[in-house]
Amino acid sequence: MRRKLRRKGRDRHVGLPSLPAAELTWVKKLSVVLNRLGETMSETYDFLFKFLVIGSAGTGKSCLLHQFIENKFKQDSNHTIGVEFGSRVVNVGGKSVKLQIWDTAGQERFRSVTRSYYRGAAGALLVYDITSRETYNALTNWLTDARTLASPNIAIILCGNKKDLDADREVTFLEASRFAQESELMFLETSALSGENVEEAFLKCARTILNKIESGELDPERMGSGIQLAAEASSRSAVPRLVWTSVKEHPQPLYSEFQDSGLCCFSNEPLHNYSTLVLNTGF
Ligand SMILES: Nc1nc2c(ncn2[C@@H]2O[C@H](COP(=O)(O)OP(=O)(O)OP(=O)(O)O)[C@@H](O)[C@H]2O)c(=O)[nH]1
1 MRRKLRRKGR
11 DRHVGLPSLP
21 AAELTWVKKL
31 SVVLNRLGET
41 MSETYDFLFK
51 FLVIGSAGTG
61 KSCLLHQFIE
71 NKFKQDSNHT
81 IGVEFGSRVV
91 NVGGKSVKLQ
101 IWDTAGQERF
111 RSVTRSYYRG
121 AAGALLVYDI
131 TSRETYNALT
141 NWLTDARTLA
151 SPNIAIILCG
161 NKKDLDADRE
171 VTFLEASRFA
181 QESELMFLET
191 SALSGENVEE
201 AFLKCARTIL
211 NKIESGELDP
221 ERMGSGIQLA
231 AEASSRSAVP
241 RLVWTSVKEH
251 PQPLYSEFQD
261 SGLCCFSNEP
271 LHNYSTLVLN
281 TGF
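Note that full-length UniProt numbering numbers the sequence shown so that position 130 is 130, with each residue one more than the last.
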């Protein structure tokens, strides 16, 4: 299998070794994500913000993203494997802002993979399920990860999802809003099912980031800010690329080498002992 990749102005072919079926499926899936990411980066906008959607498994992260992008509820949502990606251009305070959104898997077994996506995020939706106290209790851990791995200044909105299931509620609005206030988070209860407050959550977070840029509190040109200006985002250096290697040929050091240069590492269980995929998200 040969794959054509553009790198620093040159076309480059990278040959993938023959792989077991499960691993091949994973590589193909990542290539689709990568192509979508590349396509969306060519659109016109004033700013591009990198967003994360984080929180425990089953809280509705993928459904929130789907509702925001597609304007409908995602039926039969399965657990996310690693990460999913979506993007949408929105108008915030007269500026056109592209939200590049990384929907991360909530399951513990993917934690090391998803953590590698936090770097350079400007904003995040931190999601719990109002009908599950367990997902609410886990918020502190998610928050610590976000502030440590993304940026201490990351704009985070707490989303109490499944607002439509009020009869099964285990977490009150008041309790969560106090937690949000103490933790300096914005807060909304949302329903990916009905769409209530979904658009608002993403826009509120984007507006906060834009306000910080306009007030000078946030420097969009600082490395790792999670923000790109239009010119920068359309440059070649921002075009994502996939780099393949086999662990046998190039073991662990590759990860840190790329991590230090701002690239993200992407692997999952089937690939874990065999190979490493490195995805440059452009941040
Ligand atoms: N009633 C209701 N159900 C929802 C809502 N959002 C998601 N669900 C359901 O909750 C379940 C989990 O949704 P997902 O979006 O897959 O959850 P997730 O947080 O992405 O899960 P992981 O990918 O495992 O981290 C699915 O059965 C959804 O149909 C909502 O707002 N209301």
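Idealized CB from N, CA, C, for every residue including glycine.
In this text, all values refer to a predicted model and were calculated from it rather than measured experimentally.
request  = Run the proximity test for residue 158: is its beta-carbon closer than 7 Å to any non-hydrogen atom belonging to ligand 1?
outcome  = no
inquiry  = According to DSSP, simplified to helix, strand and coil, what is residue 136?
reply    = helix
Under the three-state DSSP convention, the category residue 177 falls into = helix
inquiry  = Let me check you understand the geometry: is the CB of residue 59 closer than 7 Å to at least one non-hydrogen atom of ligand 1?
reply    = yes
ask   = Per the contact definition of three or more C-beta pairs closer than 8 Å, is the segment 88 to 98 in contact with the segment 154 to 173?
value = no
Validate contact between the segment 59 to 75 and the segment 140 to 148 using beta carbons, cut 8 Å, 3 pairs = no
query = Measuring from the CB of residue 162, is there a heavy atom of ligand 1 at a distance below 7 Å?
reply = yes
key: C-alpha distance - residue 147 paired with residue 76, whole-angstrom precision   = 32 Å
request  = Kindly confirm or deny that the segment 179 to 186 and the segment 209 to 216 touch, where touching means at least three C-beta pairs closer than 8 Å.
outcome  = no
query = Candidates 96, 79, 126, 95: which alpha carbon is nearest residue 107's?
reply = 79
message = Below 8 Å on the Cβ atoms is my contact criterion, and I expect residue 284 with residue 226 to pass it. Report the Cβ-Cβ distance as a whole number of Å.
response = Since the first and last residues shown for the chain are 1 and 283, residue 284 lies out of range.
request  = Note down, one range per segment and in chain order, each beta strand (DSSP E) of at least 3 residues found wholly within the segment 75 to 162.
outcome  = 83 to 92, 95 to 104, 123 to 129, 155 to 161
ask   = What are the residues that DSSP puts in a beta bridge with residue 51?
value = 101, 123
query = Any heavy atom of ligand 1 closer than 7 Å to the Cβ of residue 105?
reply = yes
query = Is it buried or exposed for residue 71, if we count other Cβ within 10 angstroms and need 16 for buried?
reply = exposed
key: Cβ-heavy atom distance, residue 125 to ligand 1, below 7 Å   = no
ask   = residue 103 and residue 61 look like a contact to me (Cβ under 8 Å); what is the Cβ gap, rounded to whole Å?
value = 5 Å
inquiry  = Can you determine whether any heavy atom of ligand 1 sits closer than 7 Å to the C-beta of residue 52, and answer yes or no?
reply    = no
message = Let me confirm a value: residue 257 is counted as buried when at least 16 other C-beta atoms fall within 10 Å, else exposed. Which label applies?
response = With a pLDDT of only 32 at residue 257, under 50, the local geometry of the prediction cannot be trusted, and the value read off the model is given with reservation. Residue 257 should be labelled exposed.
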